[in-house]
Amino acid sequence: MEGASSWLQQYYHAMSCGLEKLYTTGSHSDTTIIVGERTFKCHRVILCAISPYF
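The sequence shown begins at 1 in full-length UniProt numbering and counts up one residue at a time.
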């Protein structure tokens, strides 16, 4: 069971790093949200996953 826990931690770390890279680079963004003077490149799939609005 310990091996599974280690694998899961590695998976979460890789996923977290990958999502952070997408966020910081704007890579593969497919929509833009403009609020006043600020522009945010976004990923619709992430917006849909975390908000019922989308």
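For each residue, glycine too, the CB sits at the ideal point set by N, CA and C.
Quiz item: Who does Cys42 pair with in a DSSP beta bridge?
Solution: Thr31
Quiz item: In this structure, does DSSP put Tyr53 in helix, strand or coil?
Solution: coil
Quiz item: Helix or strand or just coil, what does DSSP make of Glu20?
Solution: helix
Quiz item: Can you tell which of Thr32, Gln9, Gln10 and His13 has its C-alpha closest to the C-alpha of Ile46?
Solution: The option with the nearest alpha carbon to Ile46 is Thr32.
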